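**Student:** With the sequence shown counted from 1, adding 50 to any position gets you this note's numbering.
Backbone N, C-alpha and C define an ideal beta-carbon position, used for all residues, glycine too.
Keep in mind the model is a prediction, meaning the values are calculated, not measured.
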Amino acid sequence: MPQLLDGKTALILGVANKWSLAYAIAQAFRREGATVILTYQGERLRQTVEELGAEIGASRILECDVTKAEDLARLAELGRLDVVVHSIAFANREDLARPFVETSRDGFLLAQEVSVYSLVSVARATAPLMTEGGAMMTLTYLGSTRVLTNYNVMGVAKAGLEATVRYLASELGEKKIRVNAISAGPVKTASARGIKDFSKILELVQAKAPLRRNTDPAEVADMAVFLASDLGRGVTGDVLFVDAGFHIMGL
Ligand code: NAP
């Protein structure tokens with residue numbers, strides 16, 4: 051049976067461990083026949099990501115801290131790419147926990163640099179490699195447009211990220227590169243553990259989402275497959291929700 055990503059090469063940034071949304075995406079991409087390249091942030095994660103990469107048959111694994119120019123320059127040497135997945139975010143734990151008005155300047159700028167500007171710099175490094183067009187995607191959350199308790203500085207970052215998706219989509223469209231964001235429902239990952247009372251959020255979603263359950267990372271990964279494949283060829287600049295429908299609910 052033909053697979054949806056046969057012949058495509060995908061660069062996936064943001065695998066930290068087996069719970070990472072990026073890892074679910076990497077598994078789904080391999081299932082659909084893509085060649086997969088993974089990156090890890092720094093030496094601390096090298097062994098874990100190498101082991102996970104070996105499990106799924108990743109073709110290459112390289113270091114990339116998105117705040118380092120030399121690491122981004124290395125991406126630009128990868129050769130032809132069809133898909134780029136940006137699954138990266140960071141904010142200081144203190145800035146997520148304290149009242150939003152108390153957000154530190156440094157913490158605000160750090161969240162913007164790692165979680166938003168990195169999409170611009172990754173796109174700049176990799177767009178020239180998408181010589182036959184392609185698909186870029188990032189991961190976002192409902193906290194971009196709604197006030198969600200304890201999401202604070204990261205909500206503002208996600209708003210910037212979604213606007214960045216639209217500006218990139220508008221510019222890169224003429225090169226047949228599509229840029230989208232997947233807005234995932236809450237999933238227990240290392241990043242999510244930084245958000246105070248995260249398990250209460252999971253309980254609330256389970257009770258209130260139209261599907262009366264939480265989001266499975268494999269569902270997020272299947273949306274990524276859709277966007278990466280030719281099935282998604284008419285979709286760009288958009289935010290697609292995979293959250294059991296939670297975002298449609300009011301009181
Ligand atoms: P995760 O496994 O912790 O993934 C976040 C990744 O970002 C990690 O691999 C982390 O590496 C990486 N990262 C942080 N700073 C970096 C840097 N300077 N350079 C390169 N990589 C860096 O958590 P996740 O939940 O899968 O998060 C992936 C994306 O999904 C994030 O954008 C997140 O906001 C988004 N999202 C998550 C949820 C959720 O509920 N989990 C919902 C919606 C959207 P280190 O571990 O080394 O820091």
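Are the CB atoms of L198 and G205 within a distance shorter than 8 Å?
**Tutor:** Closer than 8 Å, so yes.
**Student:** Once DSSP output is grouped into helix, strand and coil, what is the label at R283?
**Tutor:** The answer is coil: DSSP assigns R283 none of H, G, I, E or B.
**Student:** As an exercise, report each continuous beta strand (DSSP E) stretch of at least 3 residues that is fully enclosed by the stretch 98 to 152, in chain order.
**Tutor:** With a minimum length of 3 residues, the continuous beta strand (DSSP E) runs that stay inside the stretch 98 to 152 are 110 to 113 and 133 to 136.
**Student:** Could you tell me the distance, in whole angstroms, from the CA atom of N202 to the CA atom of D145?
**Tutor:** Whole-angstrom Cα-Cα distance: 7 Å.
**Student:** Consider the C-beta atom of I138 and the heavy atoms of the ligand NAP; say whether any pair is separated by less than 7 Å.
**Tutor:** Flag set: Cβ of I138 near the ligand NAP.
**Student:** For R228, list the residues DSSP reports as bridge partners.
**Tutor:** According to DSSP, which records beta bridges pairwise, R228 is partnered with A185.
**Student:** Any chance the CB of D145 is under 7 Å from a heavy atom of the ligand NAP?
**Tutor:** No, since every heavy atom of the ligand NAP falls outside the 7 Å radius drawn around the Cβ of D145.
**Student:** Quick one: give me the first and last residue of the beta strand (DSSP E) that T85 is part of.
**Tutor:** Element bounds for T85: T85 to Y90.
**Student:** Inspect the beta-carbon positions of V116 and S154 and report whether they are closer than 8 Å.
**Tutor:** Cβ atoms of V116 and S154: not closer than 8 Å.
**Student:** With L261 as the anchor, note down where its beta strand (DSSP E) starts and where it stops.
**Tutor:** Note, L261: premise wrong, no beta strand (DSSP E); not H, not E.
**Student:** Whether or not the stretch 182 to 193 and the stretch 221 to 233 are in contact is what I'm after, with contact meaning three or more pairs of Cβ atoms, one per stretch, closer than 8 Å; do they touch?
**Tutor:** The stretch 221 to 233 is in contact with the stretch 182 to 193.
**Student:** Roughly how many whole angstroms lie between the Cα atoms of Y90 and G103?
**Tutor:** For Y90 and G103, the distance between alpha carbons rounds to 11 Å.
**Student:** Take the Cβ of L301 as the centre, count every other Cβ of all protein chains shown within 10 Å, and call the residue buried at 16 or more, exposed below.
**Tutor:** Looking at its Cβ environment, which holds fewer than 16 other Cβ atoms inside 10 Å, L301 is exposed.
**Student:** Under the assumption that A72 contacts G83 (Cβ atoms under 8 Å), give the Cβ distance between them as a whole number of angstroms.
**Tutor:** Between G83 and A72 the Cβ distance is about 18 Å, and since that is not below 8 Å, they are no contact.
**Student:** Taking the C-alpha atoms as reference points, what is the distance between K250 and L160?
**Tutor:** Taking the straight line from one Cα to the other gives about 27 Å.
**Student:** For the stretch 115 to 129 against the stretch 168 to 180, are there 3 or more C-beta pairs whose distance is under 8 Å?
**Tutor:** The stretch 115 to 129 vs the stretch 168 to 180: in contact.
**Student:** Report yes if the C-beta of Y191 is less than 7 Å from at least one heavy atom of the ligand NAP; otherwise report no.
**Tutor:** Correct: Y191 has its Cβ closer than 7 Å to the ligand NAP.
**Student:** Is S220 close to the ligand NAP? I mean its beta-carbon at under 7 Å from any heavy atom of the ligand.
**Tutor:** No, since every heavy atom of the ligand NAP falls outside the 7 Å radius drawn around the Cβ of S220.
**Student:** Spatial neighbours of C114 within its chain, please: CB distance less than 8 Å, with the 5 preceding and 5 following residues excluded, ordered by chain position.
**Tutor:** These residues qualify, in order along the chain: L63, T89, Y90, Q91, D121, L122, R124 and L125.
**Student:** So, at 8 Å on beta carbons, what are the nonlocal neighbours of G244 in its own chain, with the 5 sequence-adjacent residues on each side left out?
**Tutor:** Taken in chain order, the residues that qualify are A141, R143 and L146.
**Student:** Is it buried or exposed, R80, if we count other Cβ atoms within 10 angstroms and call 16 or more buried?
**Tutor:** When all chains shown are included, R80 counts as buried.
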